[in-house]
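Working notes for the structure below.
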Amino acid sequence: MLQQILHDMYIDPELLAELSDVQKHILFYKMREEQLRRWKERETWESLAQDKGLRPTKTKRAASDKHIQWLLGADGEVWVWIMGEGPGDKPYEAISEELIAERARLQAQREAEELWRQKEAEITKKFRDALANEKARILVEKWKVEMEDRKAAKVLEERIQEEFKRKEEEERKRGEEQIRLQEEQRAKELYWTLKQAQLHCQASEKEEREWEEQLRRSKAADEERSRRAQRARDEYRRHSLRAIQKGTVAGLSSMFRELGQSHEQEARLYHHLPGPGPPQPLALPVSRTWERPLRPVSRDVIVRWFKEEQLPRRAGFERNTKFIAPWFHGIISREDAEDLLENMTEGAFLVRVSEKIWGYTLSYRLQKGFKHFLVDASGDFYSFLGVDPNRHATLTDLIDFHKEEIITVSGGELLQEPCGQRDSPPDYHPLFE
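Under full-length UniProt numbering, the sequence shown has 272 at position 272, and the numbering climbs by one with no breaks.
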């Protein structure tokens with residue numbers, strides 16, 4: 001699927017809406033790399049053609065209906081980054097203070113440099129003219145003195161030059177000090193001018209600051225709840241490991257074998273299809289030759305694809321069993337998936353058959369909101385589209401892998417609690433009929 005997108009340099013807006021922010025960033029980065037590669041390849045070809053005396057042929061570009069679409073946020077509006085509210089951003093007041101001080105300093109520096117250039121030109125001209133006049137006077141007097149007095153005249157000239165250099169240096173220092181004081185004064189004047197303008201604007205933003213304070217408190221409370229949830233999950237893992245070490249799982253398995261593995265207990269353990277009687281092994285359909293379209297076009301085609309290609313690969317089954325995994329769901333929409341996960345804790349997840357690509361969508365419950373990751377199954381492996389380069393032989397391998405390893409570094413998503421079925425018959429029933 002990714003190769004098809006890079007080949008066409010186009011992605012369907014509906015498919016783009018299924019991607020998470022991280023997947024979108026990676027996909028756009030890959031498309032940009034592909035554009036640069038094509039451009040370099042065309043440049044190399046044109047260079048070779050010019051070296052051989054050939055004239056590169058201009059190809060007419062076909063009309064395209066590609067367009068640009070703004071990135072939307074969770075609220076459906078255009079996504080906007082607010083300075084000072086992002087992770088690691090400085091507070092708005094600190095950034096504003098730094099910008100005002102920097103603007104005042106730079107403007108005062110430019111004015112001081114201009115004043116210094118004028119002052120330096122005046123000083124240079126003043127002493128150059130004075131030195132020229134003095135040299136002319138000394139030259140006239142020098143011709144009047146006797147030969148024995150020339151040495152004294154040379155000493156006098158050097159002494160006068162040193163005196164003028166000393167006075168010029170003192171004048172320069174006084175000029176620099178004067179310019180520095182003017183620069184500091186100007187910087188203070190500009191700072192207070194900009195500060196007053198800022199205070200005037202802030203007077204009308206009192207309600208907004210109160211709202212920001214409420215938002216900060218709310219974020220602090222959310223972070224505290226997140227830390228408590230993390231501690232609870234860590235405690236749950238420790239209890240689970242301790243139970244495994246004591247042989248609890250082995251004891252349960254032995255007890256079920258002694259009872260003959262009753263059908264009702266198997267149904268509760270494996271969350272299979274409801275109804276009386278034990279779950280019967282699902283008969284795999286006889287493989288029929290069919291040609292898969294480029295993308296799903298209808299539910300009937302998706303069902304056939306699942307039966308023809310996924311059932312032989314035991315997609316949706318628990319490892320080494322005949323029973324369907326509790327996290328597996330059928331062809332359900334994003335809204336239905338979020339409704340199922342609504343009342344569950346962070347880390348809950350389900351896998352549903354995608355209507356956009358040949359594959360699946362993993363819906364993940366965050367502390368506040370949801371994430372949806374596309375799982376590409378168009379080849380002979382399973383992998384997250386544009387997020388995780390790891391390839392897995394089965395869908396169950398992918399799920400088990402990310403129960404121990406996070407999906408993305410930025411989000412830290414770890415699969416913890418599967419979300420099972422709520423209705424009867426289950427939503428995956430048409431896939432196994």
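For glycine and all other residues, C-beta sits at the position ideal for the given N, C-alpha and C.
Checklist entry - Just how far apart, CA to CA, sit E177 and Q185? => result Roughly 12 Å separates the two Cα atoms.
Item to check | G359, DSSP secondary structure in three states | outcome: Looking at G359 - three-state DSSP - the assignment turns out to be strand.
Checklist entry - Within the chosen definition, does the region 186–193 reach the region 103–113 through at least 3 CB pairs nearer than 8 Å? => result Cβ pair count under 8 Å is three or more, so yes.
Next on the checklist: Let's test the definition: count the other Cβ atoms within 10 Å of the Cβ of S424 and tell me whether it reaches 16, buried, or not, exposed.
Outcome noted: Classification for S424: exposed.
Checklist entry - Are L431 and F349 touching if we call contact CB-CB under 7 Å? => result At a Cβ-Cβ threshold of 7 Å, L431 and F349 do not count as neighbours.
Item to check | Beta-carbon contacts of K167 that lie in its chain and below 8 Å, excluding the five residues immediately before and after | outcome: Excluding positions up to five away in sequence, the list reads F127.
Item to check | Backbone CA spacing between R352 and A337 [nearest angstrom] | outcome: Going by the C-alpha atoms only, they are around 8 Å apart.
Item to check | Segment contact, 8 Å Cβ cut-off, at least three pairs: the region 381–400 with the region 312–320 | outcome: These segments touch.
Checklist entry - Should D339 and G359 be called a contact, given that it needs their Cβ atoms to be closer than 7 Å? => result No, the Cβ-Cβ distance between D339 and G359 is not below 7 Å.
Checklist entry - By Cβ distance below 7 Å, which residues in the same chain neighbour W327 in space, the five residues on each side in sequence not counted? => result Taking C-beta separations shorter than 7 Å and ignoring five residues to either side along the sequence, the partners of W327 in its chain run F349, L350, V351, I399, P418 and C419, following chain order.
Checklist entry - What do you reckon, are the CB atoms on G386 and L27 nearer than 7 Å? => result Result yes, Cβ atoms of G386 and L27 sit closer than 7 Å.
Checklist entry - When the Cα of A101 is compared with those of T345, A153 and Q198, which residue comes out closest? => result Considering only alpha carbons, the answer is Q198.
Item to check | C-alpha distance - R172 paired with R180, whole-angstrom precision | outcome: R180 has its alpha-carbon roughly 12 Å from the corresponding atom of R172.
Checklist entry - Expressed to the nearest angstrom, what Euclidean distance is found between the alpha-carbon atoms of R38 and L48? => result If you take the alpha carbons of R38 and L48, they lie about 15 Å apart.
Next on the checklist: Assuming Y364 and F373 are in contact, meaning their beta carbons sit under 8 Å apart, how far apart are those beta carbons, in whole angstroms?
Outcome noted: In this structure, Y364 and F373 form a Cβ contact; the two beta carbons are roughly 7 Å apart against a cut-off of 8 Å.
Item to check | C-beta atoms of W81 and G73 nearer than 7 Å | outcome: Taking 7 Å as the Cβ cut-off, W81 and G73 do not qualify as a contacting pair.
Next on the checklist: Quick check: what's the CA-CA separation for K40 versus W70?
Outcome noted: So the alpha carbons of these two residues sit roughly 28 Å apart.
Checklist entry - What residue from I11, R292, A121 and Y29 has the CA that sits closest to residue 437's CA? => result Missing from the structure shown is residue 437; the chain here goes from 1 to 433 and no further.
Item to check | Where H329 falls: helix, strand or coil (DSSP) | outcome: Coil.
Checklist entry - Where DSSP assigns a beta bridge to Y382, which residues make up the other side? => result Under DSSP, Y382 shares a beta bridge with H392.
Item to check | Close-in-space but distant-in-sequence residues of the same chain around E43 (CB under 6 Å, 5 per side omitted) | outcome: Nothing listed; no residue qualifies.
Item to check | N-terminal and C-terminal residue of the alpha helix (DSSP H) that R42 is part of | outcome: Annotation for R42: the continuous alpha helix (DSSP H) segment containing it runs D21 to D51.
Item to check | Identity of the residue in A130, L294, Q182 and K151 nearest Q161 by Cα | outcome: For the residues A130, L294, Q182 and K151, the minimum Cα distance to Q161 belongs to A130.
Checklist entry - By the 10 Å Cβ neighbour count, where 16 or more other Cβ atoms means buried, how is G330 classified, buried or exposed? => result G330 should be labelled buried.
Item to check | Where the beta strand (DSSP E) through H67 begins and ends | outcome: First-last for H67: undefined, no H or E at that position.
Checklist entry - With respect to the alpha helix (DSSP H) encompassing V353, which residues constitute its N-terminal and C-terminal limits? => result Element bounds for V353: not the alpha helix (DSSP H) but the beta strand (DSSP E), A348 to V353.
Next on the checklist: Could you compute how far the alpha carbon of E98 sits from the alpha carbon of A132?
Outcome noted: Rounded to whole angstroms, E98 to A132 spans 50 Å at the Cα level.
Item to check | With 16 other Cβ atoms within 10 Å as the buried cut-off, status of D65 | outcome: Under this definition D65 is an exposed residue.
Checklist entry - Where E163 and K135 are concerned, what is the direct C-alpha to C-alpha distance, given to the nearest angstrom? => result Rounded to the nearest angstrom, the gap between the Cα atoms of E163 and K135 is 13 Å.
Item to check | Close beta carbons around A104, own chain, < 7 Å, minus the five adjacent residues each side | outcome: Once the five neighbours on either side are set aside, the close Cβ partners of A104 are A187, L190, Y191 and L194.
Item to check | DSSP state of L414 mapped onto helix, strand, coil | outcome: It is coil, neither helix nor strand.
Checklist entry - Are D427 and I332 touching if we call contact CB-CB under 7 Å? => result It is a contact, given that the beta carbons lie within the stated cut-off.
Checklist entry - Around the Cβ of I406, are there at least 16 other Cβ atoms within 10 angstroms (buried) or fewer (exposed)? => result Exposed, by the Cβ-count rule.
Checklist entry - Between M1 and I357, is the Cβ-Cβ spacing less than 7 Å? => result Between M1 and I357, the gap from beta carbon to beta carbon is short of 7 Å.
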